[in-house]
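>
Residue numbers (our numbering), protein chains in the order written: chain A, 1142 to 1658; chain B, 792 to 1112.
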């Protein structure tokens, strides 16, 4: 960290730590990167923006030695370098942190921090290791039991361990690839505190995020990629979210305009004192036809659990559910489905979709019975017609509905999931993190679709950790904290401050303590 | 390369291999291309071929059934034992099929209901069902079945085909339709690809798995009875070790051991490849041990080649552009 100077925001005078000159990379027919030049200075937070497939990930993989550039140069501290592997990148002081932390769950925190230190001799000096791990975490302002296994740490705490790991390696360049994607607003603030600390210590940070407001909160410089090309690099003062989005998608998109309400009078779903032993309790609300009810709260507050209870995957153990005024019992997902409840999972890849199967097979899966001929055979022609209808309706971009879902972008996968559940004709649609890992263009489309569905009279529940999204979409916002319902706010009362206050239980001084709540 | 492309190229590869083996064999031995040899060749391991059909479904469904050979032995022993005890043969056959269904239900209970891994449950079944079979018959060999029963196993029934071969073809068509045309078949692929996503889509995953294991054990019991008919007598160690040959054929047929991928055409081709290869080697006086060695090598190659092919095409494409 020799070049590290305590610098004021954006004011950088020394030569860059990392310089990328004219880097290009091609995969098969795709030009993933084309003539990209970028420099990163000590104590600078440089944000990379771009839709999925714009080239950010490829650039990161080149810097961390996963891919080799076809042409161009990488300079570290002014010296041209060839980075052949992630281990070599680490030796050069380049570390990366990803959306999903890559910790070893059965090793303790200290072991995880020092996992890359292989030159410490054959015998583990536990005492010394624990002491050093404690020291690093203390410098980061973290309190974690370094003797405990990493299993069970919250995502936020795991991320902190990743950062501690990077620091133990004397990192000069830290790459953060969507580190906030799975964090709640509060946890994001804690993470940002760490990031600013690192910046003060002279670490250069490359920060990738889809969340515009975060980028504008923390970055000194903002670079936008589109189709493998670097479109613009601006200082934060020069940049605006509108300009950045326009650069990303090549047109103007506004994600801040609130949806016009179309809530009707009649209640479609009424929940009274719903609970699941040891998970959540005392959840009561009415959902009207055409209403969008937002579920806000920190990760682990129980929002997803309420969704799963309503759908029947993890049934409720107390309370009542009324659908269209009639009490119902939901014990399995089949119950939920037959009652007209649909749950679109937050985890597209594991729970939402069967990735190796075709688009049409995914869409018809919950109601396959509707597609059987008299002999009991599946009528794939009919399936394809249904899928084509949804392809047009939701603008799923694919050459054919026979394509494997795995081959689609995140946004299009999300639309396939939506199609799958709309095809069940639900009266209540529960959307869990409907725009996670989805690019800005698709996000706007998903928002528009949600508006349409509400207008058609479906009662929609949107569970989202993206607070601006909740506020823009919802007629009312239900806020949960640690398995309890804290408040339901009307659109007029709901803003970032009121929602966060409720989500934090009125005390906003809690910090990440690393233990799951 | 898409999944469809991979499958097609896989079958093309098996077909090319099959044609090469048949060509080689027919040049090497004048007897090879005769109908008699062909029927013979099929007949010699027809029971394994039958069990391979349901095994393919089980593995595509993301599970495995190691107990099939023991269920074959169990069914045959139950049949022989009840027959020996004076029960008429048709009833003894029904008892054998019933024993198969019970074994399948037992597997299904632990796997689909309790949620234990099928590898462990059916390994226990492999040992347990064999144990029951051996207890029933001790060290005896029971034979002396009615003539009509032995005829089923040994005489040509439809043209040159024996009953077992005819049953194989009927089952092949039946299971091909079930797997590739029915809703159940679709669910087998779904469960094998991602059982969690299936559950979140309202699929009764346990029911699909239970059906697979009961079906597998039922067909294994049927194969055990046919095997007894062919041999004319039954012993406690009957069909021991067959499960490995069956699984080999299924994997060679392009079915992924991780589930969700494969089809019955590939499995059919793999069965023919193995039969012809063994037969050719037999006609060329190559011993059984060497034959096993060759089949093992083929299995390794069958996994290796598609991966290498993928890598080569990637490299080649990268250079071209």
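We put the CB at the ideal spot given by N, CA and C, even for glycine.
Predicted, not measured: the structure shown is a model, and the values here were computed from it.
1. Output the distance between the C-alpha atoms of residue 794 (chain B) and residue 1557 (chain A), rounded to the nearest integer angstrom.
2. Give a yes or no on whether 9 Å exceeds the smallest Cβ distance from residue 1010 (chain B) to chain A.
3. Please name the residue in B:1043, B:822, B:897 whose C-alpha comes closest to that of residue 1005 (chain B).
4. Please report the distance separating the alpha-carbon of residue 1014 (chain B) from that of residue 934 (chain B).
5. Can you pull the DSSP bridge partners for residue 1487 (chain A)?
6. Find the residues of chain A that neighbour residue 905 (chain B), judging by a C-beta separation of less than 9 Å, and give them in chain order.
7. Which residue from B:901, B:914, B:873 puts its Cα closest to that of residue 859 (chain B)?
8. Can you pull the chain B neighbours of residue 1486 (chain A), defined as C-beta to C-beta under 7 Å?
9. Any Cβ of chain B within less than 9 Å of the Cβ of residue 1151 (chain A)?
10. Using a Cβ-Cβ distance under 9 Å, would residue 968 (chain B) count as near chain E?
11. If the cut is a Cβ gap below 8 Å, which residues of chain A does residue 1001 (chain B) touch?
12. From which residue to which residue does the beta strand (DSSP E) around residue 1429 (chain A) run?
13. Which class does residue 1480 (chain A) belong to by DSSP, given the choice of helix, strand or coil?
14. Kindly indicate if chain A contains any beta-carbon less than 9 Å away from that of residue 994 (chain B).
15. At a CB-CB cut-off below 9 Å, which residues of chain A make contact with residue 984 (chain B)?
16. Contact check, residue 1075 (chain B) vs residue 827 (chain B) under 8 Å by CB: the rounded distance?
17. Given that a residue counts as buried once 16 or more other Cβ atoms are within 10 Å of its Cβ, and exposed if not, what is residue 1178 (chain A)?
18. Any beta carbon of chain B sitting closer than 9 Å to that of residue 1523 (chain A)?
19. Checking 9 Å against the spacing of the C-beta atoms, do residue 1443 (chain A) and residue 1218 (chain A) come in under that value?
20. Does residue 1110 (chain B) get closer than 9 Å to chain A when you measure Cβ to Cβ?
21. Quick check on residue 1264 (chain A): buried or exposed, where buried means 16 or more other Cβ atoms within 10 Å of its Cβ?
22. Answer yes or no: do residue 1447 (chain A) and residue 1627 (chain A) have a C-beta to C-beta separation smaller than 9 Å?
23. Since residue 1577 (chain A) meets chain B, which of its residues come closer than 8 Å, beta carbon to beta carbon?
24. Contact check, residue 1051 (chain B) vs residue 853 (chain B) under 8 Å by CB: the rounded distance?
25. Runs of 3 residues minimum, wholly inside the segment 1537-1597 of chain A: which ones carry the beta strand (DSSP E) assignment?
26. Can you name, in chain order, every residue of its own chain whose Cβ lies under 6 Å from the Cβ of residue 845 (chain B), other than the five neighbours on each side?
27. For residue 1502 (chain A), which residues in chain B fall below 9 Å Cβ to Cβ?
28. In the DSSP assignment, the alpha helix (DSSP H) including residue 1452 (chain A) goes from what residue to what residue?
29. Does any residue of chain A have a CB that is nearer than 9 Å to the CB of residue 853 (chain B)?
30. What distance in whole Å lies between the Cβ atoms of residue 1498 (chain A) and residue 1545 (chain A), which are believed to be in contact at a cut-off of 8 Å?
31. Pick helix, strand or coil for residue 1187 (chain A), following the three-state DSSP scheme.
32. What residues in its chain sit with their C-beta under 7 Å from that of residue 1504 (chain A), if we drop five residues either side in the sequence?
33. Mind checking whether residue 1584 (chain A) and residue 1396 (chain A) have CB atoms under 9 Å apart?
34. Tell me the DSSP secondary structure of residue 1207 (chain A) in three-state form.
35. Using alpha carbons as the reference points, say which of A:1244, A:1433, A:1644 lies closest to residue 1617 (chain A).
36. Tell me whether residue 1245 (chain A) is buried or exposed, calling it buried when 16 or more other Cβ atoms sit within 10 Å of its Cβ.
Quick look at the numbers:
1. Its pLDDT being 46, under 50, residue 794 (chain B) is placed unreliably by the model, and nothing is read from it.
2. With 9 Å as the cut-off, residue 1010 (chain B) does not count as an interface residue toward chain A.
3. B:897
4. 17 Å
5. According to DSSP, which records beta bridges pairwise, residue 1487 (chain A) is partnered with nothing at all.
6. Those within 9 Å of residue 905 (chain B) in chain A number zero; the least Cβ separation is about 18 Å.
7. B:914
8. 991
9. Its pLDDT being 47, under 50, residue 1151 (chain A) is placed unreliably in this model, and the value from its coordinates should be taken loosely. No, residue 1151 (chain A) does not count as interfacial toward chain B.
10. Among the chains of the structure shown, chain E does not appear; the protein chains present are A and B.
11. Those do not exist, as residue 1001 (chain B) stays about 16 Å from chain A at its closest Cβ, beyond 8 Å.
12. 1421-1429
13. Coil, per DSSP.
14. Residue contact with chain A for residue 994 (chain B): present (Cβ-Cβ distance below 9 Å to some residue of chain A).
15. 1495, 1496, 1497, 1498
16. Wrong, their Cβ atoms sit about 18 Å apart, outside the cutoff.
17. exposed
18. no
19. One thing to note: residue 1443 (chain A) has its Cβ no nearer than 9 Å to the Cβ of residue 1218 (chain A).
20. Because the pLDDT at residue 1110 (chain B) is just 49, under 50, the model does not fix this residue reliably, and the point stays unresolved.
21. exposed
22. no
23. By Cβ distance, chain B contributes nothing, its closest Cβ being about 16 Å from residue 1577 (chain A), past 8 Å.
24. 6 Å
25. 1569-1573
26. Excluding sequence neighbours, residue 845 (chain B) sits near 1006, 1007, 1010.
27. 977, 980, 981
28. That run of the alpha helix (DSSP H) goes 1444-1452.
29. The Cβ of residue 853 (chain B) sits no closer than 9 Å to any Cβ of chain A.
30. Distance from residue 1545 (chain A) to residue 1498 (chain A) at the Cβ level is roughly 7 Å; contact confirmed, criterion being Cβ atoms closer than 8 Å.
31. In this structure, DSSP gives residue 1187 (chain A) an extended state, which the three-state scheme calls strand.
32. 1527, 1528, 1531, 1557, 1560, 1561, 1564
33. yes
34. coil
35. A:1433
36. exposed
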